[in-house]
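In what follows, a structure is listed as structure tokens, so that the remarks can point back to it.
Residue numbers (the numbering used here): 348 to 715.
Written out as structure tokens, the structure is:
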């Protein structure tokens, strides 16, 4: 925002085309800074992401978008009537939502093949940019024409720090959804665990261990239950993976009736044993949902008498010790040698001081 504030002040008094050029340059510089900072952080979390593609995408969308958003103010008559502050902030929220979503689409294309759910970045970007843009516009409306340039730039810098911190915090809080459960699933899970009325009879939580990764995944599902038989119909099964871990009967956990219960589950389809019974159970609970004859169902058999190994959640990952670099070993050895040398010097000094004291006492005794 420091560059944008300086560009806005520099564009005052310039002809329309010149003012627009100054704003575009400022927007490109701001977009470059944003892209570089985001790329530096993202590539640490997702090493395969291309920094160059991320920066170029951010510059083209965020930089030019910000410049175009500032153009009406630069090209308008300063002496004309100014819009109300509330209207400006509402317009800022709308601009942040639209530009954040557009930027998210471009950046999601860069994230493809590197995260499980790249298109969730669209909503993350829109949600993060909405309050950030409100802060930006709020800071931009504070200075007026009587302010000195230095003060305008200082306010722009403080506004940029506040907006950047807000943008980063919101993005960081939602970043885990790129590789895990969505925000809606997290809210649903919290609601079920805290007993929100009206959900327990229709939705449950499942904990399933990945057959390959060994990780434990937790997510809400809509279910039908009769006795100890629970049936789940994974709609859009081709786009989901959790039921693939149940191709063979496997242990899992179910949050139902206000607590976790151990169970075993298996994904079944037409022709498998128990498929007709599972279809009937689900159809009686949800008569409006029609599953095709070849649809995949997850039949879960509750087994309260069995110990539940998944209630504690994901197992800790055992990390292998990393080799210590040779430079570090040499530095430690040098420090140890230096410590030994200092210790010897102190010891010699102590012995010398003791000898000198004994000689002084002998001289005093002779002279006495």
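The beta-carbon is built from N, C-alpha and C at its ideal position, and this holds for glycine as well.
Span separating the alpha-carbon of residue i from that of residue j
| i | j | result |
| --- | --- | --- |
| residue 684 | residue 477 | 58 Å |
| residue 311 | residue 520 | Lying before the first or after the last residue shown, residue 311 is absent from the chain, which here runs from 348 to 715. |
| residue 525 | residue 547 | 27 Å |
| residue 490 | residue 580 | 58 Å |
| residue 624 | residue 458 | 43 Å |
| residue 621 | residue 471 | 42 Å |
| residue 432 | residue 484 | 10 Å |
| residue 614 | residue 435 | 54 Å |
| residue 502 | residue 437 | 21 Å |
| residue 372 | residue 386 | 21 Å |
| residue 644 | residue 527 | 22 Å |
| residue 541 | residue 553 | 16 Å |
| residue 445 | residue 452 | 11 Å |
| residue 375 | residue 636 | 51 Å |
| residue 642 | residue 505 | 56 Å |
| residue 608 | residue 400 | 47 Å |
| residue 599 | residue 463 | 23 Å |
| residue 398 | residue 631 | 53 Å |
| residue 515 | residue 465 | 18 Å |
| residue 678 | residue 522 | 38 Å |
Assumed close pair residue i, residue j - CB separation to whole angstroms, cut-off 8 Å
| i | j | result |
| --- | --- | --- |
| residue 616 | residue 596 | 14 Å between Cβ atoms; not a contact. |
| residue 518 | residue 475 | 5 Å |
| residue 450 | residue 500 | So it is not a contact: roughly 25 Å between Cβ atoms. |
| residue 467 | residue 529 | 7 Å |
Residue j beta carbon less than 7 Å from that of residue i
| i | j | result |
| --- | --- | --- |
| residue 578 | residue 571 | yes |
| residue 568 | residue 592 | no |
| residue 288 | residue 381 | It is not possible to answer for residue 288, since the shown part of the chain is limited to 348 through 715. |
| residue 440 | residue 481 | yes |
| residue 402 | residue 383 | yes |
| residue 576 | residue 508 | no |
| residue 603 | residue 551 | yes |
| residue 473 | residue 448 | yes |
| residue 564 | residue 461 | no |
Reduced DSSP category for residue i - H, G, I as helix; E, B as strand; rest coil
| i | result |
| --- | --- |
| residue 529 | coil |
| residue 566 | strand |
| residue 479 | helix |
| residue 580 | coil |
| residue 642 | coil |
| residue 542 | coil |
| residue 434 | helix |
| residue 484 | helix |
| residue 396 | coil |
| residue 574 | coil |
| residue 632 | helix |
| residue 621 | coil |
| residue 615 | strand |
| residue 466 | coil |
| residue 494 | coil |
Residue burial classification, residue i (beta-carbon count within 10 angstroms, cutoff 16)
| i | result |
| --- | --- |
| residue 389 | buried |
| residue 640 | exposed |
| residue 716 | The chain is shown only over 348 to 715; residue 716 falls outside these bounds and no answer can be derived. |
| residue 590 | buried |
| residue 512 | exposed |
| residue 479 | buried |
| residue 663 | With a pLDDT of only 40 at residue 663, under the threshold of 50, the placement of this residue in the model should not be trusted, and no figure is reported. |
| residue 646 | buried |
| residue 606 | exposed |
| residue 618 | exposed |
| residue 347 | Only positions 348 to 715 of the chain appear in the structure, and residue 347 is not among them; the question remains open. |
| residue 378 | buried |
| residue 601 | buried |
| residue 574 | exposed |
| residue 443 | buried |
Contact test: residue i Cβ vs the ligand SAH heavy atom, cutoff 6 Å
| i | result |
| --- | --- |
| residue 460 | This structure lacks the ligand SAH, and indeed carries no ligand of any kind. |
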